Structures are given as C-alpha cells and as structure tokens.
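S.K.:
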Amino acid sequence: MSGRTHARVCPERTCVGCRERAAKGDLLRIAVIEDACVPDPRGTLPGRGAYVHPAPVCLDLAVRRRSFSRAFRGRGPLDTTALRRYVEQATPQQTGNTVRERHG
C-alpha cells in the first residue's frame, strides 16, 4: 500500500447561473426539448445538459446572462417556464443548506 487515502471523488459541475463549482448531485441538470429548457432531475434525458443550483437566484442569473443559449450552443432564445415552475416548487431539502446560505 502506498499510504494514500482512497477518498471517493465525486463529479463536479459548474452552475450556469452563479458560475460556482459544486457536486453534481447538488445541481439540477437542464436539458432542451423543442426549444424549451426542462428540468432533468434524474439526468436521463438525451442531448447536452447544463447545470444550475435549484434556487431562484441562480435561475434568474442564468436567464439574465443568457447562459442557457450559450450552454446549448446557440440554439436561440429558450423558454424557461417549466424550469422556473420546477425550481419554485422545490422543497428546502432539495435546495440544500449551502445554496440557501450562499444565495438567499
């Protein structure tokens, strides 16, 4: 044995709203279906994905900065109505304490 600890590495992604790196499990995956951004909590929808903290603050930043169009490689303006509804209905357990402390 080399004496190194074998800590499990967890995948990290960057929130397109606040641009902070976080564990993949702490972020909500977004996919595009017919020119609309839709939440993909299980991460199973096909195609490119973008990640955002499930908090209204990060979603607002992403929309204002046009981050979704950039993340999905210039597909034009995308409808975020379903995504906004999902984030607003998220329970405090889903958003996590660190996101609440940082963004709200």
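Numbers in my numbering are just positions in the sequence shown, counted from 1, shifted up by 158. For glycine and all other residues, C-beta sits at the position ideal for the given N, C-alpha and C. Remember, predicted model here, so these are calculated numbers, not experimental data.
Excluding the 5 residues preceding and the 5 following THR172 in the sequence, name in chain order all residues of the same chain whose CB lies nearer than 6 Å to its CB.
M.R.: Only ARG179 meet the Cβ criterion.
S.K.: Below 8 Å on the Cβ atoms is my contact criterion, and I expect THR239 with VAL221 to pass it. Report the Cβ-Cβ distance as a whole number of Å.
M.R.: Contact flag wrong, Cβ pair sits at about 11 Å.
S.K.: Can you give the Cα-Cα distance for SER227 and VAL190, rounded to whole angstroms?
M.R.: Taking the straight line from one Cα to the other gives about 10 Å.
S.K.: So, for GLU246: in the same chain, excluding its five sequence neighbours on each side, which residues have a beta-carbon less than 8 Å away from its beta-carbon?
M.R.: Around GLU246: PRO214.
S.K.: Can you tell me which residues form a DSSP beta bridge with ASP237?
M.R.: In the DSSP output, where bridge partners are listed per residue, ASP237 has ALA194.
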